[in-house]
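> Can you keep this structure in mind? I'll have questions shortly.
Number of protein chains: 2
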Amino acid sequence: MLASERYRTILNILSSRGSATVTELSQILKTSESTIRRDLNTLDGSGKLNKVFGGAVSIKPTEGVAEQAVPTREILMSDEKNSIAKYAAALINDDDFIYIDSGTTTSRMIDFIENTKAIFVTNGIIHAQKLLSKGLNAYIIGGKIKAVTAAVIGSGGIRSIENYNFTKAFMGTNGIDIQAGFTTPDIEEGRIKEKAIEKSYISFVLADHSKFRKVFPITFAPLKKCCIITDRLLCSEFSDKTVIREVIS
Amino acid sequence: MLASERYRTILNILSSRGSATVTELSQILKTSESTIRRDLNTLDGSGKLNKVFGGAVSIKPTEGVAEQAVPTREILMSDEKNSIAKYAAALINDDDFIYIDSGTTTSRMIDFIENTKAIFVTNGIIHAQKLLSKGLNAYIIGGKIKAVTAAVIGSGGIRSIENYNFTKAFMGTNGIDIQAGFTTPDIEEGRIKEKAIEKSYISFVLADHSKFRKVFPITFAPLKKCCIITDRLLCSEFSDKTVIREVIS
DNA sequence: TCAAATTTGCTCAAATTTGATTATTTATAA
DNA sequence: TTATAAATAATCAAATTTGAGCAAATTTGA
Chain A
12 MLASERYRTI LNILSSRGSA TVTELSQILK TSESTIRRDL NTLDGSGKLN KVFGGAVSIK
72 PTEGVAEQAV PTREILMSDE KNSIAKYAAA LINDDDFIYI DSGTTTSRMI DFIENTKAIF
132 VTNGIIHAQK LLSKGLNAYI IGGKIKAVTA AVIGSGGIRS IENYNFTKAF MGTNGIDIQA
192 GFTTPDIEEG RIKEKAIEKS YISFVLADHS KFRKVFPITF APLKKCCIIT DRLLCSEFSD
252 KTVIREVIS
Chain B
12 MLASERYRTI LNILSSRGSA TVTELSQILK TSESTIRRDL NTLDGSGKLN KVFGGAVSIK
72 PTEGVAEQAV PTREILMSDE KNSIAKYAAA LINDDDFIYI DSGTTTSRMI DFIENTKAIF
132 VTNGIIHAQK LLSKGLNAYI IGGKIKAVTA AVIGSGGIRS IENYNFTKAF MGTNGIDIQA
192 GFTTPDIEEG RIKEKAIEKS YISFVLADHS KFRKVFPITF APLKKCCIIT DRLLCSEFSD
252 KTVIREVIS
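These protein sequence lines are chains A and B, in that order. Residue numbers for the first sequence, in our numbering: 12 to 260. Residue numbers for the second sequence, in our numbering: 12 to 260.
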């Protein structure tokens with residue numbers, strides 16, 4: 012791979028998500044950490060990015076939430092979330108018809124998707140763009156776009172999903188609870204998630220350990236409907252209720 | 012094989028992929044790496060590409076999906092296209108239900124939209140994101156996304172538009188011609204444009220003077236169906252056929 | 001047709017990049 | 001604060017890329 016290709020990829024990743032760790036970049040680009048460090052130094056030298064301890068952050072102020080005094084470490088992403096994303100991406104086959112839900116974990120997942128003939132449908136504007144820039148076959152759900160998350164919601168979106176029959180759906184969630192199941196704060200987003208899961212043969216929920224034992228207003232699926240992909244399982248009480256794949260990071 | 016043929020092929024590959032390695036090129040062109048290196052040196056010498064260690068990269072900034080955020084670039088924009096965009100943006104009222112077609116001129120238009128209660132529907136991924144970042148009420152058409160332009164196309168998109176009744180549609184075009192009307196190179200994109208115009212009370216086509224007297228394979232509307240917003244009108248022959256608003260820049 | 005000029009492919013030493021290792025620096029937790 | 005863990009720069013060997021030299025193949029022009 013050409014050095015300039017790596018530079019481009021690194022800058023793309025940074026501009027799309029704001030920051031990245033050295034480990035993460037080395038995994039995505041399939042190269043050593045030494046090389047990534049050298050690349051980051053070069054790009055930092057020419058003012059294309061800000062190198063920080065552990066990785067790099069985008070030069071232009073991240074649109075949205077102000078982040079000024081945040082410790083550098085916190086800006087960078089944990090490897091745990093990374094391995095969830097990686098594991099999920101590996102589940103995709105050439106003949107799949109995939110739904111990708113909006114959310115940061117599913118977004119990260121796209122970075123790890125290899126060249127594939129699979130077809131992707133998403134309700135995330137950013138996800139759609141990422142899929143495109145990886146040269147994948149992308150479709151988007153039509154409807155109202157929610158400002159904060161850049162996710163398509165509303166009845167239009169639900170009707171769009173009606174026509175599809177997915178082989179696999181990759182979902183994000185805010186809370187996972189034995190009684191309440193998978194929950195989210197937004198009623199419209201919940202409806203979309205519900206419908207996507209309904210129209211998919213298998214559904215995976217990507218969730219790091221912090222999501223367990225949290226409950227939000229809207230339940231979009233009971234535990235048993237989705238297979239959970241997580242970094243570490245805090246208690247076995249969940250594993251009785253559904254299939255869980257624990258990824259070792 | 013003629014050397015000039017190789018040059019052409021190399022430049023084609025570069026402009027479509029952005030970069031290529033010497034090994035790749037030697038395989039594609041079925042020639043030795045030495046020859047490719049000599050070719051690259053020649054082309055680099057005449058400024059047609061950038062030679063880098065391992066291969067070469069396209070001279071012009073990669074025409075990818077990414078279209079950088081705008082604020083600073085506004086200054087760089089040609090005044091002509093600017094004033095078209097500005098004029099169009101001023102046509103929007105609070106009670107409008109607007110369709111915004113994909114394309115660079117319409118994209119620029121979004122920069123000039125003031126805070127409004129109007130509702131926007133678009134088929135451009137980038138347009139949707141821009142509308143969102145301006146805090147506007149945005150909807151997106153669902154369907155297959157075309158890689159180059161990041162525009163939603165296909166039957167799904169057409170069905171999405173069916174449900175809407177726009178007050179105003181702002182369209183881009185590739186060619187404007189007395190006989191052929193408004194034309195575009197892509198059949199799928201043409202269909203979407205056609206439907207959007209059909210479902211809109213008034214349609215505006217944003218086009219700088221370079222678009223006049225050009226014809227592309229697909230006609231999406233006859234001249235009289237849309238009001239043209241342009242920077243300067245080269246000949247009055249068009250004004251007999253449709254309403255034209257000429258913006259003085 | 002033939003000789004000269006040009007282009008091509010091959011080989012090899014020099015230059016460059018890469019990945020692993022190690023000592024040093026930096027961040028976090030105690 | 002100090003101890004501990006993590007990340008880094010520096011270093012070096014291995015792998016890769018490069019350009020130069022040269023002979024073979026091809027094209028050109030008389």
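Beta carbons are placed, not taken as given, at the ideal position from N, Cα and C, and that holds for glycine. A quick note: this is a predicted structure, and the numbers were derived from the prediction, not measured.
Are the C-beta of Y150/B and some C-beta of chain A separated by less than 8 angstroms?
What you label residue 150/B is simply residue 139 of the second sequence in a count that begins at 1. Chain A, which has a Cβ nearer than 8 angstroms to the Cβ of Y150/B, makes this yes.
> Pull out every residue of the region 151-171 of chain B whose Cβ sits closer than 8 angstroms to any Cβ of chain A, in chain order.
Hits within the stretch, in order: I151, I152, G153, G154, K155, I156, A158, A161, V163, G167, G168 and S171.
> Count Cβ pairs between the region 206-213 of chain B and the region 170-179 of chain B that sit closer than 8 angstroms; are there 3 or more?
Counting Cβ pairs under 8 angstroms, three or more are found: they touch.
> Can a CB atom of chain A be found closer than 8 angstroms to the CB of I24/B?
Taking the second sequence and counting its residues from 1, one reaches residue 24/B at position 13. It does not: the Cβ of I24/B has no partner Cβ on chain A nearer than 8 angstroms.
> What residues in its chain sit with their C-beta under 6 angstroms from that of A80/A, if we drop five residues either side in the sequence?
Taking the first residue of the first sequence as 1, we reach residue 80/A at position 69. Its pLDDT being 34, under 50, A80/A is placed unreliably by the model, and the measurement read from it follows with that caveat. No residues qualify anywhere along the chain.
> When the Cα atoms are used, what is the spatial distance from Y150/B to I137/B?
Counting from one through the second sequence, the residue named residue 150/B turns up at place 139. Counting from one through the second sequence, the residue named residue 137/B turns up at place 126. Rounded to whole angstroms, Y150/B to I137/B spans 12 angstroms at the Cα level.
> Consider the Cβ of F64/B: report whether some Cβ of chain A lies at a distance smaller than 8 angstroms.
Counted from its first residue, the second sequence places residue 64/B at position 53. Closer than 8 angstroms to some Cβ of chain A, the Cβ of F64/B qualifies, so yes.
> Between I119/A and I169/A, which are expected to be in contact by the criterion C-beta below 8 angstroms, what is the C-beta distance as a whole number of angstroms?
Residue numbering aside, residue 119/A sits at position 108 when the first sequence is read from its first letter. Residue numbering aside, residue 169/A sits at position 158 when the first sequence is read from its first letter. Reading off the sequence, residue 119/A comes out as Arg, not Ile. Not really, about 26 angstroms apart at Cβ, beyond 8 angstroms.
> Taking contact to mean at least 3 C-beta pairs separated by less than 8 angstroms, is the region 156-175 of chain B in contact with the region 106-120 of chain B?
Output reads yes: the region 106-120 of chain B touches the region 156-175 of chain B.
> Against I136/A, what residues of chain B qualify as contacts under a CB-to-CB distance less than 8 angstroms, listed in chain order?
By one-based count along the first sequence, residue 136/A stands at place 125. Chain B residues near I136/A: I136, A139, Q140, L143 and I151.
> Where does Y18/A fall in DSSP's three states?
As a first step, residue 18/A must be located in the first sequence, where it is residue number 7. Y18/A: helix per DSSP, three-state reduction.
> With I240/B and V258/B assumed to form a contact (beta carbons below 8 angstroms), what rounded beta-carbon distance in angstroms separates them?
To locate residue 240/B, count along the second sequence from 1; it is residue 229. To locate residue 258/B, count along the second sequence from 1; it is residue 247. The pair is a contact, with the Cβ atoms about 7 angstroms apart (cut-off 8 angstroms).
> Would you kindly work out how many angstroms separate the C-alpha atoms of A101/B and F123/B, rounded to a whole number?
Sequence index remark: in the second sequence, residue 101/B carries index 90 (1-based). Sequence index remark: in the second sequence, residue 123/B carries index 112 (1-based). Taking the straight line joining both Cα atoms gives about 8 angstroms.
> Let's see if you can read the secondary structure: which residues bound the alpha helix (DSSP H) around S45/A?
Residue 45/A sits at position 34 when you count from the first residue of the first sequence. Per DSSP, S45/A belongs to the alpha helix (DSSP H) from E44 to G56.
> With DSSP as the reference, label I130/A as helix, strand or coil.
Translated into positions along the first sequence, residue 130/A becomes position 119. The answer is strand: DSSP assigns I130/A an E or B state.
> Are the CB atoms of S37/B and S30/B within a distance shorter than 8 angstroms?
In the second sequence, the residue the question calls residue 30/B occupies position 19. In the second sequence, the residue the question calls residue 37/B occupies position 26. For S30/B and S37/B, no; Cβs fall outside 8 angstroms.
> Within the same chain, show all residues whose beta-carbon is closer than 7 angstroms to that of I95/A, passing over the 5 residues directly before and after it, in chain order.
Along the first sequence, one-based indexing puts residue 95/A at 84. Excluding residues within five positions, the ones whose Cβ falls inside 7 angstroms are T116, L217, D219, I240, T241, D242 and V258.
> Secondary structure at G293/A, three-state DSSP: helix, strand or coil?
Outside the shown range of chain A (12 to 260) lies residue 293/A, about which nothing can therefore be said.
> Does S15/A come within less than 8 angstroms of chain B when only Cβ atoms are used?
Position 4 of the first sequence, counting from 1, holds the residue named residue 15/A. Yes, S15/A counts as interfacial toward chain B.
> Mind listing the chain A neighbours of S30/B? Cutoff is C-beta to C-beta under 9 angstroms, in chain order.
The sequence position of residue 30/B within the second sequence is 19, counting from 1. Here the neighbours are L13, S15, E16 and R19.
> Would you mind reading off the limits of the beta strand (DSSP E) that contains R208/B?
Residue mapping note: residue 208/B aligns to position 197 of the second sequence, counting from 1. Note on residue identity: the sequence assigns Ile, not Arg, to residue 208/B. Run containing I208/B: none in the beta strand (DSSP E); it sits in the alpha helix (DSSP H), I198 to E209.
> Please name the residue, chosen from I172/B, S69/B, R48/B and K222/B, that lies closest to S264/B on a Cα-to-Cα basis.
Because residue 264/B is not part of the residues shown, which for chain B are 12 to 260, the question remains open.
> Suppose contacts are defined by Cβ-Cβ distances below 8 angstroms. Is R224/B in contact with D188/B by that definition?
Translated into the one-based positions of the second sequence, residue 224/B becomes position 213. Translated into the one-based positions of the second sequence, residue 188/B becomes position 177. Cβ atoms of R224/B and D188/B: closer than 8 angstroms.
> Mapping the DSSP letters down to three states, classify L147/B as helix, strand or coil.
Position 136 of the second sequence, counting from 1, holds the residue named residue 147/B. Coil, per DSSP.
> Tell me where the alpha helix (DSSP H) around N93/B begins and ends.
Against the second sequence, residue 93/B aligns to sequence position 82. Note, N93/B: alpha helix (DSSP H), D90 to A101.
> At a CB-CB cut-off below 9 angstroms, which residues of chain A make contact with G146/B?
Locating residue 146/B in the second sequence gives position 135, where the first residue counts as 1. The contacting residues are A158.
> According to DSSP, simplified to helix, strand and coil, what is K59/B?
Counting from one through the second sequence, the residue named residue 59/B turns up at place 48. Correct three-state label for K59/B: coil.
> Taking the alpha-carbon of N52/A as reference, which of Y18/A, R256/A, V226/A and N185/A has the nearest alpha-carbon?
Counting from 1 along the first sequence, the entry for residue 52/A is found at position 41. Ranking the options by Cα distance to N52/A, first place goes to Y18/A.
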